[in-house]
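Enquirer: The sequence shown begins at 1 in this note's numbering and counts up one residue at a time. Glycine included, C-beta positions come from ideal geometry on N, C-alpha and C. Okay, here's the structure, questions in a sec.
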Amino acid sequence: MSCAKERILSLDVFRGLTIALMILVNYPGNSNPYPILAHAPWHGCTLADLVFPFFLFIIGVSCVVALRTKARQNVLPKILKRTLILLLLGLFLNAFSNHFSFTAIRYFGILQRIAICYLLAAITCLYLSVRAQVWVFVLLVGSYWLLLSLYPYTLEANLVGIVDRHFFAPQHLYMRFFDPEGLLSTLPAFATTLMGNLTGYFLQSSYSKTVKSYFILIAGGLSTFLGYIWSIWLPLNKALWTSSYVLFTGGISLMLFATCYFVIEVKQYKAWARPLEIFGVNAILVYVLHVMAFKLQITTIIHNKDGSIENLRDFITHYLFGFVNEPNAAFLYAFSGVLFWLGIMSILHRKHIMIKI
């Protein structure tokens, strides 16, 4: 999402790139995609594991840009309204995939975590100095590391799952005994958002755009390196959102944004980025619609003439891309989805329709 009225084109492009990547990695045409396009089974970090941190980083940057001149009493109700809408949208998508069975609805999810991180990021922008936000970031990644180290980093015995099971019944968790968007792991996810906050403040400095892009790029490289070194002791893990994962993925976010910023804001090369901008300005709409469409394809059953049955997604994949092996078919299905939603969003963009929260 974006909370900024004053738009930075390079940020819209980065957001659009993230949306396109999300469709590509999260919704393959079968259960056998290329490993780099699938989430790591537990420890590790693939291309798919970068999407969510990118979103949270972008939210942090957007909030600083939007709130720098706003009065607290005027903007706080809008922040709370956006947070509530995101929470309700997230619950709606969870209910949608569960036939609106609210007795077993999953409470957590992508939009729910985005809502909480957005709320915290906006509040810190309004009430904390930049120095204080740096200290909050350090305390979050440091204390979370210490907390996690009290228990094994395994799927069954980690502290995140213990906290989730303490507060919520199994039917309301993603894996019944663990939720990758659960309560405790939202704290380090907020640390990722804070990296976006701090980047937003630096963008407002008096340095030239060239210097800003170089500095952000170097900071990103350093953060990625530190996160990788830290992973020797604290594994990179998206589901746990480990502190090493915060630095590693936050650093990659910085480097990609710096690249977009340099190419678009410094060099003024903009024409190539038009498709990504179209995705970026309607990010929430793309997310909600494509999740609903994909879940409909998964739950719609097709009865073939030979007596076999398969869901609509598999039917489409076999019918359109059955001439290639499974990983290629999975990729072609996902890439076709990117093009399909780009076409839909292009129509809306030409009509100047942008759905904002």
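1) To the nearest angstrom, report how far apart Leu289 and Lys295 are at their CA atoms.
2) Going by DSSP, which residues form a beta bridge with Ile309?
3) If you pair each beta-carbon of the region 178-191 with each one of the region 270-290, do three or more pairs fall below 8 angstroms?
4) Could you tell me the distance, in whole angstroms, from the CA atom of Ile355 to the CA atom of Ala239?
5) Comparing C-alpha positions only, which one of Gly142, Phe315, Thr299, Arg176 sits nearest to Lys305?
6) Using the C-alpha atoms, what's the distance from Thr259 back to Ile59?
7) Quick one: using the 10 Å Cβ neighbour count with 16 as the cut-off for buried, is Phe167 buried or exposed?
8) When the Cα atoms are used, what is the spatial distance from Ile116 to Glu156?
9) Am I right that Leu194 and Phe137 are in contact with their C-beta atoms under 8 angstroms? What's the rounded C-beta distance?
10) Am I right that Gly250 and Ser223 are in contact with their C-beta atoms under 8 angstroms? What's the rounded C-beta distance?
11) Would you mind reading off the limits of the alpha helix (DSSP H) that contains Leu111?
12) By alpha-carbon positions, which one of Pro28, Tyr27, Thr46 ends up nearest to Ile36?
13) Rounded to whole angstroms, what's the CA-CA distance from Gly16 to Tyr287? Just pull it up for me.
14) Identify every residue that forms a DSSP beta bridge with Gly44.
15) What separation, rounded to the nearest whole angstrom, lies between the Cα atoms of Asn328 and Tyr34?
16) For Gly337, does the count of other Cβ atoms within 10 angstroms reach 16, so buried, or fall short, so exposed?
17) Please list, in chain order, all residues of the same chain as Asn158 whose beta carbon is under 8 angstroms from its beta carbon, the five residues on each side excluded.
18) Residue range of the alpha helix (DSSP H) that Leu254 falls in?
19) Residues in the same chain with beta-carbon distance under 7 angstroms from Gln133, minus the five sequence neighbours each way, listed in chain order, please.
20) Quick one: using the 10 Å Cβ neighbour count with 16 as the cut-off for buried, is His39 buried or exposed?
21) Please report the distance separating the alpha-carbon of His318 from that of Phe331.
22) Give the DSSP-derived three-state secondary structure of Phe96 in the structure shown.
23) Can you look up Lys267 in the DSSP assignment and give me helix, strand or coil?
24) Can you tell me where the alpha helix (DSSP H) with Val134 in it begins and where it stops?
Expert: Concretely, from the data shown:
1) 10 angstroms
2) His303
3) no
4) 30 angstroms
5) Phe315
6) 18 angstroms
7) exposed
8) 26 angstroms
9) 5 angstroms
10) 6 angstroms
11) 110-127
12) Thr46
13) 11 angstroms
14) Asn237
15) 8 angstroms
16) buried
17) Leu148, Tyr151, Pro152, Phe178, Leu240
18) 243-261
19) Thr124, Leu194, Asn197, Leu198
20) buried
21) 13 angstroms
22) helix
23) coil
24) 130-148
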